[in-house]
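Protein chains in written order, with our numbering: chain U, 233 to 608; chain E, 233 to 608.
Beta carbons: idealized from backbone N, C-alpha and C, even for Gly.
No experiment lies behind these values; they were computed from the predicted model shown.
Quick notes on the structure that follows.
There are 2 protein chains.
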Amino acid sequence: MSFIAQPRTLVLPKPLHLRSGSTLSGVRLAYEMYGELNADRSNAVLVCHALNASHHVAGRYEHDPNNLGWWDNLIGPGKAVDTNRFCVIGVNNVGSCFGSYGPQDINPQTGEPWGGDFPVVTVEDWVDAQAALLDELGIQQLAAVMGGSLGGMQALSWTLQYPERVRHAAVIASAPNLTAENIAFNEVARRAITTDPDFHAGHYARHGVLPKRGLRIARMIGHITYLSDDVMNEKFGRLLHERTDFQYTTQDIEFQIESYLRYQGNKFSEYFDANTYLLITRALDYFDPARAHGGQLAKALAVAQAHFLVVSFTTDWRFAPSRSREIVKALLDNGAPVSYAEIDAPHGHDAFLLNDPRYHALVRAYFDGIALRAKP
Amino acid sequence: MSFIAQPRTLVLPKPLHLRSGSTLSGVRLAYEMYGELNADRSNAVLVCHALNASHHVAGRYEHDPNNLGWWDNLIGPGKAVDTNRFCVIGVNNVGSCFGSYGPQDINPQTGEPWGGDFPVVTVEDWVDAQAALLDELGIQQLAAVMGGSLGGMQALSWTLQYPERVRHAAVIASAPNLTAENIAFNEVARRAITTDPDFHAGHYARHGVLPKRGLRIARMIGHITYLSDDVMNEKFGRLLHERTDFQYTTQDIEFQIESYLRYQGNKFSEYFDANTYLLITRALDYFDPARAHGGQLAKALAVAQAHFLVVSFTTDWRFAPSRSREIVKALLDNGAPVSYAEIDAPHGHDAFLLNDPRYHALVRAYFDGIALRAKP
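So this is what it looks like as structure tokens:
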């Protein structure tokens with residue numbers, strides 16, 4: 233039984249200037265904090281979330297005890313990231329549908345929900361918003377910033393946008409940018425949503441509908457890329473769904489993997505917002521710190537002052553170990569302190585969310601080291 | 233400039249009994265033949281097609297000279313499969329939309345197009361139909377049967393269903409069955425089609441519409457799986473479409489890979505039939521000769537009498553080399569004659585359609601050997 237988490241919100245006092253050129257005012261951020269800030273406010277750990285996650289990183293809610301934080305297996309009292317030592321902060325990103333300012337909020341220009349008109353947000357914009365939140369919380373420097381996947385991109389970007397505010401960065405199952413194939417999968421998912429007749433250019437709320445068909449397809453595609461071929465074969469293989477022989481049908485479920493994907497797609501379409509899906513996949517597409525440096529990642533990372541922990545998983549084909557090694561190489565080229573682990577795990581990209589003993593022991597050892605080390 | 237191909241059709245005199253239990257009567261097959269049958273009719277080579285291909289395997293059409301057969305780079309006078317020596321036959325599979333009997337034909341029970349009621353067809357059914365065509369052409373034994381991908385499954389199945397009618401089988405970029413991940417990609421594509429509001433349970437013709445949205449998504453997903461990550465990075469990388477800087481949009485094209493996929497999706501939706509897409513992906517899902525033998529592929533292949541050429545491509549992640557090696561191992565376990573080549577090619581699954589010199593030299597050498605060998 234995990235501890236009780238308390239969601240909070242805060243409205244940023246200053247406008248948020250986005251990379252797209254747009255400016256958002258009255259930006260509301262949903263966040264949670266676990267553990268106590270120490271006297272010199274030097275023990276804060278910011279956890280950045282990936283696609284469909286939120287500020288609910290660990291613990292459970294008093295009135296919804298089954299709603300465990302998405303990284304509860306890693307973070308909490310006595311856990312690898314020990315909230316008896318660290319004050320862990322989870323922030324929901326701008327553009328999300330889980331409490332922070334997003335497409336479901338009112339566009340002050342029109343008095344109607346933003347919908348498809350919500351401006352594009354980038355990883356850098358999210359980091360700016362997180363930094364503004366830390367300003368309000370009186371936290372000048374993070375003991376660590378950490379995240380997996382898209383969250384790892386935010387952790388990496390923190391070390392470049394606010395190098396003096398980050399002592400350690402844990403970049404897990406991530407990449408310095410998306411490959412063409414990554415973008416391609418995102419694009420197919422987006423097209424499934426935007427060509428759903430119920431999408432209405434993102435203004436489905438006005439029409440009293442939801443583009444659930446598109447969201448289902450998007451989620452099914454996503455799920456395939458989160459899992460490894462191996463784990464899919466082990467979990468589902470060619471097993472039939474509720475029968476022992478073929479029924480010969482093109483439209484009904486025949487294999488268990490089909491049933492699983494349809495279930496995941498249906499569930500997702502009930503709680504996730506289509507405009508948020510577009511915004512978050514685009515933030516992934518755009519992230520590319522080397523771009524402003526002629527594609528030279530080492531140049532881009534030269535400003536970083538943090539110590540790095542980079543972790544990848546052998547069967548992750550969405551963000552393959554080779555992509556993590558690009559980050560490690562660029563850091564080493566700069567003489568930056570970096571620990572790298574490639575965890576031999578069968579679970580594909582999803583491995584970063586799972587309770588793999590070697591992975592968790594590694595994160596624990598790294599965070600023990602942070603706690604033992606004095607503030608520089 | 234390639235030779236002129238002449239499409240023909242033939243209606244099978246006997247009904248076709250399908251694995252699903254259904255029976256089709258008056259089955260029309262579209263086919264093409266290149267080269268001359270020799271006196272003892274022992275030089276026929278049957279070429280089986282994959283997903284969106286047809287009986288138009290090689291040559292060009294007199295009145296449509298740009299419409300080259302899909303394997304024209306491999307098959308023709310003086311080519312690797314030399315039509316000066318072999319009589320090559322291409323057959324369009326039952327259920328297709330390119331001339332053979334399919335969902336667009338009239339269901340005799342209703343007097344209307346079959347549409348979504350067309351019975352499920354399997355690889356084994358296709359092979360039966362091809363065998364019935366050969367009966368009509370007076371060809372008792374094939375010098376070789378060959379195919380890539382789904383076509384390779386048909387070639388393999390020929391050696392099991394009609395072992396005495398096949399001297400050689402070339403099984404290229406194929407697999408003994410689909411993995412869970414393969415089925416998953418097929419299922420997402422099918423769901424995109426069947427949840428398109430214009431699909432109408434496959435009876436879109438009655439409604440005067442076409443489920444093009446779904447077909448576009450299906451084709452985009454397919455395209456991603458045909459190409460390797462490497463070739464996508466090389467061809468498209470993170471290049472922007474017609475600009476040098478981000479325009480920050482979720483719904484418009486930003487990257488070249490997006491433009492490419494949308495183009496491919498649009499093109500496909502203009503010429504391919506949605507019901508055919510469902511049928512063909514299901515035939516892929518169902519193929520599994522080891523299933524009737526407790527999953528033991530060697531047992532399933534024990535009846536084969538052919539000599540085998542098995543070819544895979546290193547970067548093919550749809551039908552990975554390991555899947556071809558399963559076939560090779562099962563054949564070797566049976567002491568069957570098999571040559572295996574793993575071609576180091578960057579192009580992913582699509583490599584089997586491309587003009588790779590080592591691959592083509594290998595096929596040429598194998599078919600030279602067939603021509604030199606006397607009929608056993």
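Using C-beta distances below 6 Å, list every residue in its chain close to residue i, excluding the 5 sequence neighbours before and after it, in chain order.
i: residue 445/U; result: 428
i: residue 403/E; result: 384, 387, 388 and 542
i: residue 286/E; result: 324 and 330
i: residue 333/E; result: 259, 260 and 326
i: residue 608/U; result: Because residue 608/U sits at a pLDDT of 46, beneath the cut-off of 50, its placement in the model cannot be relied upon, and the following sentence gives the value as read from the coordinates. There are no such residues.
i: residue 485/U; result: 473 and 491
i: residue 614/E; result: Residue numbering for chain E in the displayed model covers 233 to 608; residue 614/E lies beyond these limits and cannot be assessed.
i: residue 596/E; result: 312
i: residue 439/U; result: 432
i: residue 604/E; result: none
i: residue 565/U; result: 530
i: residue 342/E; result: none
i: residue 248/U; result: 256, 259 and 361
If residue i sits next to residue j, beta carbons under 8 Å apart, how far is it from one beta carbon to the other, in whole angstroms?
i: residue 451/U; j: residue 500/U; result: 4 Å
i: residue 498/U; j: residue 448/U; result: 6 Å
i: residue 288/E; j: residue 267/E; result: That pair is no contact at about 15 Å.
i: residue 401/E; j: residue 540/E; result: 5 Å
i: residue 416/U; j: residue 489/E; result: 5 Å
i: residue 456/U; j: residue 509/U; result: Residue 456/U to residue 509/U, Cβ: 16 Å. No contact.
i: residue 599/U; j: residue 296/U; result: Contact flag wrong, Cβ pair sits at about 28 Å.
i: residue 617/U; j: residue 283/U; result: With chain U covering only 233 through 608, there is no way to say anything about residue 617/U.
i: residue 371/U; j: residue 273/U; result: 5 Å
i: residue 418/U; j: residue 516/U; result: 6 Å
Can you list, in chain order, the residues of its chain with a C-beta nearer than 7 Å to that of residue i? Leave out the 5 residues immediately preceding and following it.
i: residue 588/U; result: 575 and 577
i: residue 433/E; result: 348
i: residue 592/E; result: 306 and 312
i: residue 454/E; result: 421
i: residue 507/E; result: 335, 347, 348, 350 and 434
i: residue 531/U; result: 525
i: residue 633/E; result: Nothing can be reported for residue 633/E: it is not among the residues displayed for chain E, which extend from 233 to 608.
i: residue 431/U; result: 425, 443, 446 and 506
Thinking C-alpha only, which one of the options is nearest residue i?
i: residue 580/U; options: 498/U, 461/U, 537/U and 536/U; result: 461/U
i: residue 590/U; options: 431/U, 321/U and 312/U; result: 312/U
i: residue 420/U; options: 482/E, 431/E and 362/E; result: 482/E
i: residue 583/U; options: 281/U, 561/U and 463/U; result: 463/U
i: residue 406/E; options: 493/E, 573/E, 592/E and 269/E; result: 573/E
i: residue 317/E; options: 570/E, 271/E and 300/E; result: 271/E
i: residue 534/U; options: 392/U, 598/U and 465/U; result: 392/U
i: residue 246/U; options: 341/U, 362/U and 465/U; result: 362/U
i: residue 567/U; options: 547/U, 599/U, 537/U and 359/U; result: 537/U
i: residue 360/E; options: 475/E, 397/E and 605/E; result: 397/E
i: residue 521/E; options: 390/E, 457/E and 248/E; result: 390/E
i: residue 436/E; options: 505/E, 476/E, 300/E and 564/E; result: 505/E
i: residue 503/E; options: 514/E, 442/E, 476/E and 374/E; result: 442/E
i: residue 556/U; options: 475/U, 382/U and 512/U; result: 382/U
i: residue 477/U; options: 523/E, 516/E and 512/E; result: 523/E
i: residue 399/E; options: 569/E, 440/E, 459/E and 519/E; result: 569/E
i: residue 458/E; options: 320/E, 585/E and 601/E; result: 585/E
i: residue 511/U; options: 465/U, 319/U and 358/U; result: 358/U
i: residue 320/E; options: 269/E, 345/E and 344/E; result: 269/E
Can you list, in chain order, the residues of its chain whose CB lies under 8 Å from that of residue i, leaving out five sequence neighbours each side?
i: residue 236/E; result: 291, 292, 293 and 294
i: residue 239/U; result: 262, 263, 264, 287, 288, 293 and 331
i: residue 479/E; result: 486
Below 8 Å, how does it come out for the segment 361–378 of chain U and the segment 277–292 of chain U: are there three or more Cβ pairs, yes or no?
Note that the segment 361–378 of chain U touches the segment 277–292 of chain U; at least 3 beta-carbon pairs, one per stretch, sit closer than 8 Å.
With three or more beta-carbon pairs closer than 8 Å as the criterion, would you say the segment 304–313 of chain U touches the segment 254–261 of chain U?
Taking 8 Å as the limit for Cβ pairs, the verdict is that the segment 254–261 of chain U does not touch the segment 304–313 of chain U.
Taking contact to mean 3 or more Cβ pairs, one atom from each stretch, closer than 8 Å, check whether the segment 357–375 of chain U and the segment 517–527 of chain U are in contact.
In short, these stretches do not touch, since the Cβ pair count stays below three.
Check whether the segment 460–476 of chain U touches the segment 469–483 of chain E, counting contact only when three or more Cβ pairs, one atom from each stretch, lie closer than 8 Å.
Between the segment 460–476 of chain U and the segment 469–483 of chain E there are fewer than three inter-stretch CB-CB distances shorter than 8 Å, so the stretches are not counted as touching.
Assess, as a yes-or-no matter, whether the segment 403–418 of chain U is touched by the segment 550–563 of chain U under the definition of 3 or more beta carbon pairs within less than 8 Å.
Here the segment 550–563 of chain U lies against the segment 403–418 of chain U, with 3 or more beta-carbon pairs under 8 Å apart.
Quick check on the DSSP output: what are the complete alpha helix (DSSP H) runs of length 4 or more inside the segment 482–568 of chain U, in order along the chain?
Within the segment 482–568 of chain U, the alpha helix (DSSP H) runs of at least 4 residues that lie entirely inside it are, in chain order, 488–503, 506–518, 529–533 and 553–565.
Give the list of continuous beta strand (DSSP E) stretches no shorter than 3 residues that lie fully inside the segment 403–464 of chain E.
With a minimum length of 3 residues, there is no unbroken run of beta strand (DSSP E) contained wholly in the segment 403–464 of chain E.
Touching or not, the segment 246–257 of chain E and the segment 345–360 of chain E, by the rule of three or more beta carbon pairs under 8 Å?
Counting C-beta pairs closer than 8 Å gives three or more between the segment 246–257 of chain E and the segment 345–360 of chain E, which meets the contact rule.
Suppose only complete runs of 3+ residues qualify. What are the beta strand (DSSP E) ranges in the segment 253–280 of chain U, listed by chain order?
Entirely contained in the segment 253–280 of chain U, the beta strand (DSSP E) runs reaching 3 residues are, in chain order, 260–266 and 276–280.
At what residue ranges does the segment 294–349 of chain U contain a whole run of the beta strand (DSSP E), taking only runs of 3 or more?
Counting only runs of 3 or more, we get 319–323.
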